[in-house]
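Accompanying notes for the structure given below.
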Amino acid sequence: MGKIIAICASPKKGMRKKDQKEGLLIRDFGLEHDAHASGEWHRQVSLLAMESIDQMIAKGLKVGPGDFAENLTTTGIELFTLPVGTRMCLGNVAIGEVTQIGKVCHTHCAIYQQAGDCVMPREGIFIRVLRGGRIVNGDEINIDNTIITVGILIASDKGAKGERADLSGPEAQKLIETVGGVVLDYEIVPDERETISQKLIEMADGKKLDLILTSGGTGFSPRDITPEATSDVIERPAPGLAEAMRASSLQKTDRAMLSRGIAGIRGRTLIVNLPGSPKSVGENLQVILPALPHGIKILRDFDHECGSQIIK
1 MGKIIAICAS
11 PKKGMRKKDQ
21 KEGLLIRDFG
31 LEHDAHASGE
41 WHRQVSLLAM
51 ESIDQMIAKG
61 LKVGPGDFAE
71 NLTTTGIELF
81 TLPVGTRMCL
91 GNVAIGEVTQ
101 IGKVCHTHCA
111 IYQQAGDCVM
121 PREGIFIRVL
131 RGGRIVNGDE
141 INIDNTIITV
151 GILIASDKGA
161 KGERADLSGP
171 EAQKLIETVG
181 GVVLDYEIVP
191 DERETISQKL
201 IEMADGKKLD
211 LILTSGGTGF
221 SPRDITPEAT
231 SDVIERPAPG
241 LAEAMRASSL
251 QKTDRAMLSR
261 GIAGIRGRTL
271 IVNLPGSPKS
281 VGENLQVILP
291 ALPHGIKILR
301 DFDHECGSQI
311 IK
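Position one of the sequence shown corresponds to residue 1 (my numbering), numbered consecutively onward.
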């Protein structure tokens, strides 16, 4: 556990960042009102520990929070030892994921020119904002690698038109939260193969979610094409999950053998098809819940392509 001791931003690049005392972390973007926030890359928010800044103070420099262009100055956590992929809760709501340790210093800054050294390239880290939220100085930082980022995709013609309230999604959300799931995306789309496939790709590739749960479109109706849409985008099948759900459901009804749902992996995202009814969603999801955290931990492997090694 650590703490945020300064929240620093600057309106223009090249300007010294100043402590704002509070700020808003925006999902997939960065710190509100900071010139370096863009959302189009993995270095959305920078962090540097006060313990690292103290090293430069010991060299005789008059520096403090913001002088190293970091957004969040922290204390209590040795940031540069955190593996890429580490997840952290910032304050009461926001969640971040470590994407890079250190950085290449292409042009030596004024601090380096003065002291012959700069701690930010070695010990600063970068995160992307998984879930936004307001933070204030003094907020706690908690490392929590049990967090599973989740997307829920409901396939329903009537639901997409607003003609039927979705009860399956809330049921899935309630259950997935019991194993550390945090729902970051929730959409209802019509039973259109291309639309479903595209949404799955957006959640997996664009939003880089750990788990996508679909509901609906797994039966024999001509409009039930969720398994086909899922098959279009997965790269590796994970048949054991669907087999386990069907086997469990068969103990309750022989109609379970009519379910065509599948499961598979795209990149580092697991996609699982669930039935359409809230009752069936609950029964099926509870079967695989015990295995999901371990499977997703293996899938994540704390190894992301955008992460660099510590720069010395």
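Positions of the beta carbon are idealized from the N, C-alpha and C atoms, including for glycine.
When the beta-carbon positions are compared, residue 133 and residue 92 come within less than 8 Å of each other. The distance from the Cβ of residue 263 to that of residue 241 is about 4 Å, consistent with a contact at the 8 Å cut-off. For residue 100, the uninterrupted beta strand (DSSP E) segment begins and ends at 94-101. Residue 247 sits exposed, since fewer than 16 C-beta atoms from the chains shown fall within 10 Å of its C-beta. Taking 8 Å as the cut-off, the Cβ atoms of residue 261 and residue 239 do not count as close. In the three-state reduction of the DSSP assignment, residue 262 falls in the coil class.
If you draw a straight line from the Cα of residue 101 to the Cα of residue 12, it comes to about 24 Å.
Residue 22: member of the beta strand (DSSP E) spanning 22-26, first to last residue. By the beta-carbon neighbour count (other beta carbons within 10 angstroms, threshold 16), residue 253 is exposed.
Residue pairing from DSSP places residue 126 in a beta bridge opposite 46, 100.
Among the bridge pairs identified by DSSP, residue 151 is matched with 185, 212.
Shown here, residue 284 sits in a helix according to DSSP, grouped into three states. Cβ-Cβ separation between residue 64 and residue 77: approximately 18 Å, too far for a contact (criterion under 8 Å). For residue 270, the secondary structure class from DSSP, reduced to helix, strand or coil, is strand. Residue 178 is classed as exposed because its beta carbon has fewer than 16 other beta carbons within 10 Å across all chains shown.
Listed in chain order, the non-local C-beta contacts of residue 5 below 8 Å within the same chain comprise 50, 65, 73, 74, 75, 137, 138, local neighbours out to five positions each way being set aside. For residue 27, the closest C-alpha among the options 43, 243, 153 is that of 43. Three or more Cβ pairs closer than 8 Å define a contact, and the segment 155-166 falls short of that threshold against the segment 16-30. Inclusion of residue 249 and residue 284 in the CB contact set at 8 Å is warranted, their separation being smaller than that value. About 6 Å separates the beta carbons of residue 80 and residue 125, which is inside the 8 Å limit, making them a contact pair. Secondary structure of residue 194 (DSSP, three-state): helix. Only residues of its own chain outside the window of five on either side were considered, and among them 87, 95, 180, 182 have a CB closer than 7 Å to the CB of residue 147, listed in chain order.
Counting along the chain, the unbroken alpha helix (DSSP H) around residue 233 starts and ends at 226-233. Collapsing the DSSP output to three states places residue 179 in a helix. A direct Cα-to-Cα measurement between residue 173 and residue 296 gives close to 17 Å.
Looking only at 58, 82, 227, 236, the smallest Cα-Cα distance to residue 47 is reached by 82.
In the structure shown, residue 88 adopts extended strand secondary structure according to DSSP, grouped into three states.
For residue 134, the enclosing beta strand (DSSP E) stretches over residues 133-136.
Beta-bridge annotation (DSSP): residue 237 is paired with 264. In this structure, the alpha-carbon of residue 219 lies about 9 Å from that of residue 226.
Counting of Cβ neighbours within 10 angstroms places residue 229 among the buried residues, the total reaching 16 or more. Distance from residue 289 to residue 212 at the Cβ level is roughly 15 Å; contact not present, criterion being Cβ atoms closer than 8 Å. Only residues of its own chain outside the window of five on either side were considered, and among them 37, 39 have a CB closer than 6 Å to the CB of residue 29, listed in chain order. A check of alpha carbon separations from residue 131 across 209, 68, 161 identifies 209 as the nearest.
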